[in-house]
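Peer 1:
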């Protein structure tokens, strides 16, 4: 965000002389940085104060994001989502968001009530997610597991966020010092 503001302040007036507008990148950096800062601030406040309203908002967004990404499972252009769900379901021993029935409403199952990803199976073997028995797959949904995982690691997440923020502030200070040194040297050259 600071880099975007600096570019706007230093180069802003000169941008009118250019036919191609390069400053849209700096405006984008400022906007994204501001949104991240605001969401992070309120997220920390909500977590520290245990603000139920805000925590419910985060919980709702988590559920919505999981449901939205579930639709993209198995698509060739979304391999990252497929791998993420497979890893989550295998490591946390869960299936779907609320339970295995969530897969019935996805393009992956193609409308079938007896198709889940193989990563839902308790015993790993190819094709085990087709025509399964309830006892052969994980019964609990991944939403509860992810929520519990986030809750259990809240202090670690908060600490990492604080460390990243500190590093960013430090990098911004070093950048500004470097810019000042360079501009002083160019005056004498």
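In the UniProt record's numbering, the protein residues as written are 1 to 189. All residues carry an ideal CB built from backbone N, CA and C; glycine is no exception. Small disclaimer: the values here were computed from a predicted structure and weren't measured.
(1) Are the region 101 to 109 and the region 151 to 159 touching, with three or more C-beta to C-beta distances below 8 angstroms?
(2) Pick helix, strand or coil for residue 170, following the three-state DSSP scheme.
(3) So, residue 114 versus residue 86, is the Cβ gap smaller than 8 angstroms?
(4) Kindly indicate which three-state DSSP category residue 94 falls into: helix, strand or coil?
(5) Assuming residue 129 contacts residue 99 under a Cβ cut-off of 8 angstroms, what Cβ separation, rounded to an integer in Å, is found between them?
(6) Tell me whether the beta-carbon of residue 138 lies closer than 8 angstroms to the beta-carbon of residue 89.
(7) With H, G and I counted as helix, E and B as strand and the rest as coil, what does DSSP make of residue 17?
(8) For a test of the three-state rule: what should DSSP assign to residue 164, helix, strand or coil?
(9) Going by Cα to Cα distance, which pick from 122, 123 and 97 is closest to residue 146?
(10) State the Cα-Cα distance for the pair residue 185 and residue 166, rounded to the nearest angstrom.
(11) Along the alpha helix (DSSP H) that carries residue 143, what are the first and last residues, could you check?
(12) Name, in chain order, the residues that DSSP records as bridge partners for residue 115.
(13) Give every residue of the same chain whose Cβ lies closer than 6 angstroms to the Cβ of residue 103, excluding the five residues on either side of it in the sequence, and list them in chain order.
(14) So residue 69 and residue 58 are in contact, right, with Cβ under 8 angstroms, and what is the actual spacing, rounded?
(15) Considering only C-alpha positions, which residue in the set 62, 84 and 101 is nearest to residue 134?
(16) Can you give me the C-alpha to C-alpha distance between residue 60 and residue 67, rounded to a whole angstrom?
Peer 2: Considering the structure as presented:
(1) no
(2) Helix at residue 170.
(3) no
(4) coil
(5) The beta carbons of residue 129 and residue 99 sit about 14 angstroms from each other, so the pair does not count as a contact at 8 angstroms.
(6) yes
(7) Note that residue 17 scores 48 on pLDDT, short of 50, meaning its location in the model is unreliable; the coordinates nonetheless yield the value given after this. The answer is helix: DSSP assigns residue 17 an H, G or I state.
(8) helix
(9) The shortest Cα separation from residue 146 among 122, 123 and 97 belongs to 97.
(10) 29 angstroms
(11) Counted as a single uninterrupted DSSP element, the alpha helix (DSSP H) harbouring residue 143 occupies residues 142 to 152.
(12) 130
(13) 96, 109 and 116
(14) Not a contact, Cβ separation roughly 16 angstroms.
(15) Closest by alpha carbon: 101.
(16) When rounded, the distance between both Cα atoms is 11 angstroms.
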